[in-house]
Amino acid sequence: MDLIISVLGILMLLLEGISCQGVYAPPTVRIVHSGHACNVEEERHAERVYTIREGETLELTCIVTGHPRPQIRWTKTAGSVSDRFQDSSVFNETLHITKIQRHQGGRYYCKAENGLGSPAIKSIRVDVYFLDDPVVTVHQSVGEAKEQFYYERTVFLRCMANSNPPVRYSWHRGRDVLSQGSDKGVEIYEPFFTQVRMRQYTIDLMSIGKSIGRGI
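The UniProt record's numbering applies: residue 1 is where the sequence shown begins, and numbers increase by one.
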């Protein structure tokens with residue numbers, strides 16, 4: 001009888017030890033963030049895209065479940081999913097980048113593993129918006145002199161600006177709109193064109209809610 005009681009006691013201790021450890025479970029993972037994100041489908045592949053302005057702070061948090069508690073690793077690629085991970089990784093739940101730059105855009109991965117089953121991986125693409133100051137160039141052809149101080153001229157004004165997403169160009173002369181859209185230049189022909197009147201032309205660039213006006 002004493003032997004049976006001893007065996008039952010050992011079994012109860014084993015069962016209590018197992019219950020204290022909890023139920024083993026493979027990892028699951030999801031990425032949370034503040035700010036705007038949307039689902040984008042490209043070539044039959046849908047992914048989550050998070051947009052942020054250059055100079056702002058990027059903060060992505062990886063929420064994981066699983067037992068034992070999974071280890072977390074952040075990695076990043078600048079291209080497709082098949083690209084290799086970069087050597088630099090962040091072993092933390094939260095990925096924090098202060099004053100993000102345009103070259104830091106790309107696809108970020110959160111990987112969680114605890115030795116049970118396959119690792120859990122989620123990704124999000126970070127799209128960094130920026131707008132550089134525009135550069136305006138003037139190309140002109142001069143015709144015959146009609147009067148002592150006047151010439152026939154054809155002037156072509158071109159504006160270039162690095163941006164993401166692409167800017168929308170709008171040319172104005174005073175309050176008159178000369179052209180709008182994605183065209184990067186405007187051609188002007190006036191038989192009595194002077195250098196002073198050239199300064200009346202401006203270019204407006206619209207990108208990510210930011211407008212830049214420049215006089216010519």
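Glycine residues also receive a C-beta, built at the ideal position from the N, C-alpha and C atoms.
In this structure, the beta-carbon distance from Ile31 to Ile97 does not fall below 8 Å.
When secondary structure is reduced to three states using DSSP, Arg175 falls in the coil class, being assigned neither helix nor strand. The C-beta of Glu187 has fewer than 16 other C-beta atoms within 10 Å across all chains shown, which makes the residue exposed.
Between Gly106 and Lys76, the gap from beta carbon to beta carbon is short of 8 Å.
Residue Pro70 holds the alpha-carbon nearest to the alpha-carbon of Ala120 among Cys38, Leu60, Pro70, Glu47.
Annotated three-state conformation of Arg158 is strand, per DSSP. Here the C-alpha atom of Ala161 lies approximately 6 Å from the C-alpha atom of Val135. In this structure, Phe130 keeps its C-beta atom at 8 Å or more from the C-beta atom of Arg168.
Apart from sequence neighbours up to five positions away, the residues of its chain that approach Ile63 with a beta-carbon distance below 8 Å are Val29, Arg30, Ile31, Val32, Glu93, ordered along the chain. When C-alpha distances from Cys38 are compared across Arg53, Asp127, Ser179, the shortest belongs to Asp127. By the neighbour-count definition (other C-beta atoms within 10 Å, threshold 16), Ser118 is an exposed residue. Taking all protein chains in view, the Cβ of Ser179 is surrounded by fewer than 16 other Cβ atoms within 10 Å, so the residue is classified as exposed. For Tyr108, the enclosing beta strand (DSSP E) starts and ends at 106-113. According to the DSSP assignment, Leu58 belongs to the beta strand (DSSP E) that extends over 58-67. Under the 10 Å beta carbon count, Ala112 is surrounded by 16 or more other beta carbons and is classified as buried. By the Cβ neighbour-count rule, Pro27 is buried, with 16 or more other Cβ atoms within 10 Å of its own. Under DSSP, Thr51 forms a beta bridge with Asp127.
In this structure, Glu54 places its C-beta atom within 8 Å of the C-beta atom of Ile100.
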